[in-house]
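Residue 157 in the numbering used here sits at position 157 of the sequence shown; the count goes up by one each step and never skips. Inspection log for the structure reproduced underneath, given as structure tokens.
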Amino acid sequence: MTTTVPKHFFNIALVALLTGCASDPVDYSNYPSPVNTAQSMPQNPYLRIKPKQPPPPQTSYRHESNYDRYSDYSSNGNYTNNYAVRDFIQQMANKHGFSESYLNGLFAKAQRLDSVIRLESPAPSTGPSKPRLGSWTRYRNKFLTDDHIRHGVEFWHENATAIQQASQTYGVDPEYIVGIIGVETYFGRNIGKTCVFDALTTLSFDTHRRSKYFMSELENFLLMTREEDYDPREPLGSWAGAMGLGQFMPSSFRKLAVDFDHNGRRDLWHAKDAIGSVAHYFSKNGWQYRSPVTQQADDPYGSAVIELSTYEGNEYWQVHHNFKVIKRYNNSNKYAMAVHQLAQAIKQQY
């Protein structure tokens, strides 16, 4: 329950389509483009956070070292004299016990990201809206590719033990765990390159439409980094602040991410924690194990029937409870159908 510099540059007309992640009610995602490689999933080059190993724990991310790191108030950022930021810092100190000096030093390094502002505040359309004909076909073709299916099978094989354990622990069908990660980040290949702290700071103080929402996510992000011993400037994600293989927003991270490898830190940039966390997200939103998700409907006017537009005409699908659970991840019929069909295609070839 899909974002600065997006994973890939898309034109601004597609921004609404290309936003989705594990957050309720706002949904974001960077939808991946196919990568022409048959290799197993490489170590993500965009992940600056190194996985925390079993004892002894790494010390480079502990709060104490972070406080020292941001004790210098010298600024190379854009928010040092921002009154709204100062008010936010005071609230974080009063409400959560943060050191004001630490936050002053941290925000002195924050960068305003113009690309994030453009993505959050696209220019209004001056022409007629595009016809809906074929919208599902175009959307489906982004994810139901031979490469996606092949890499999904590889991801399942490489993480078979974790996927089986997550399925059994949380009562979630394994193919849907794989399907979500495939749609959200192409099995970890497209997690985002943006400094999450800079993105959320920009969205909180330099945009207007959803600034309150993003300020809440910034609050949760700072709490998350303190709880998990992350340097706030280390995590990379989407332009909207979604993180890891499952693209969790900070509030969802704090509520639903799990330390599935039991190494002392919830690390959604690591496959095992991401797998467990996606399954936990589904479980908490009421997933029913081995229950139907959707099937094509004969009667377009029947109960719980949705319409999807293809170039050959409309498709009608009857949806069930689990389809609605997938939509808790991203409130889009096309998104949920893409997850369903990708999951089933991978399962058939696994």
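Where is the CB? At the ideal position from N, CA and C, for every residue including glycine.
C-alpha gap between residue i and residue j, whole angstroms
| i | j | result |
| --- | --- | --- |
| residue 83 | residue 104 | 12 Å |
| residue 136 | residue 324 | 18 Å |
| residue 347 | residue 168 | 17 Å |
| residue 284 | residue 257 | 11 Å |
| residue 316 | residue 147 | 27 Å |
| residue 77 | residue 102 | 15 Å |
| residue 121 | residue 205 | 13 Å |
| residue 300 | residue 306 | 8 Å |
| residue 335 | residue 327 | 7 Å |
| residue 61 | residue 234 | Unreliable positioning characterises residue 61 in this predicted model, as indicated by a pLDDT of 34, which lies under 50. A coordinate reading is not provided. |
| residue 124 | residue 208 | 15 Å |
| residue 309 | residue 289 | 29 Å |
| residue 318 | residue 291 | 14 Å |
| residue 85 | residue 211 | 12 Å |
| residue 350 | residue 271 | 18 Å |
| residue 314 | residue 302 | 15 Å |
| residue 154 | residue 221 | 32 Å |
| residue 295 | residue 143 | 19 Å |
| residue 333 | residue 158 | 30 Å |
| residue 227 | residue 190 | 26 Å |
| residue 87 | residue 196 | 21 Å |
| residue 174 | residue 100 | 45 Å |
| residue 93 | residue 329 | 32 Å |
| residue 138 | residue 164 | 32 Å |
| residue 95 | residue 311 | 54 Å |
| residue 79 | residue 91 | 16 Å |
Beta-carbon separation (whole angstroms), residue i vs residue j, contact threshold 8 Å
| i | j | result |
| --- | --- | --- |
| residue 179 | residue 343 | 3 Å |
| residue 116 | residue 185 | Not a contact, Cβ separation roughly 19 Å. |
| residue 282 | residue 172 | 5 Å |
| residue 287 | residue 322 | 6 Å |
| residue 276 | residue 345 | Between residue 345 and residue 276 the Cβ distance is about 23 Å, and since that is not below 8 Å, they are no contact. |
| residue 170 | residue 280 | 6 Å |
Within 8 Å, strictly: CB atoms of residue i and residue j
| i | j | result |
| --- | --- | --- |
| residue 156 | residue 194 | no |
| residue 160 | residue 260 | no |
| residue 192 | residue 133 | no |
| residue 244 | residue 217 | no |
| residue 113 | residue 198 | yes |
| residue 246 | residue 293 | no |
| residue 140 | residue 338 | yes |
| residue 223 | residue 265 | no |
| residue 152 | residue 188 | no |
The beta strand (DSSP E) enclosing residue i, as first and last residue numbers
| i | result |
| --- | --- |
| residue 305 | 305 to 310 |
| residue 319 | 313 to 319 |
| residue 185 | Element bounds for residue 185: not the beta strand (DSSP E) but the alpha helix (DSSP H), 174 to 185. |
| residue 295 | 294 to 296 |
Opening and closing residue of the alpha helix (DSSP H) in which residue i lies
| i | result |
| --- | --- |
| residue 94 | 83 to 96 |
| residue 348 | 333 to 349 |
| residue 161 | 160 to 170 |
| residue 137 | 135 to 140 |
| residue 201 | 196 to 205 |
| residue 225 | 211 to 228 |
| residue 116 | 114 to 120 |
| residue 290 | That residue, residue 290, is in no alpha helix (DSSP H); it is neither H nor E in DSSP. |
| residue 281 | 271 to 284 |
| residue 102 | 100 to 107 |
| residue 143 | Note, residue 143: premise wrong, no alpha helix (DSSP H); not H, not E. |
| residue 252 | 250 to 256 |
Nearest neighbour of residue i, chosen from the options [CA to CA]
| i | options | result |
| --- | --- | --- |
| residue 267 | 233, 281, 294 and 225 | 225 |
| residue 89 | 107, 77, 78 and 298 | 107 |
| residue 341 | 291, 123 and 145 | 145 |
| residue 252 | 214, 85 and 263 | 214 |
| residue 81 | 327, 232, 110 and 210 | 110 |
| residue 250 | 79, 232 and 98 | 232 |
| residue 262 | 338, 85 and 273 | 273 |
| residue 98 | 70, 207 and 124 | 70 |
| residue 200 | 219, 188, 182 and 189 | 219 |
| residue 230 | 93, 269, 164 and 170 | 269 |
| residue 320 | 312, 297, 313 and 314 | 297 |
Neighbour flag for residue i against chain D, beta carbons, 8 Å
| i | result |
| --- | --- |
| residue 202 | Absent from the structure: chain D. Only one protein chain is present. |
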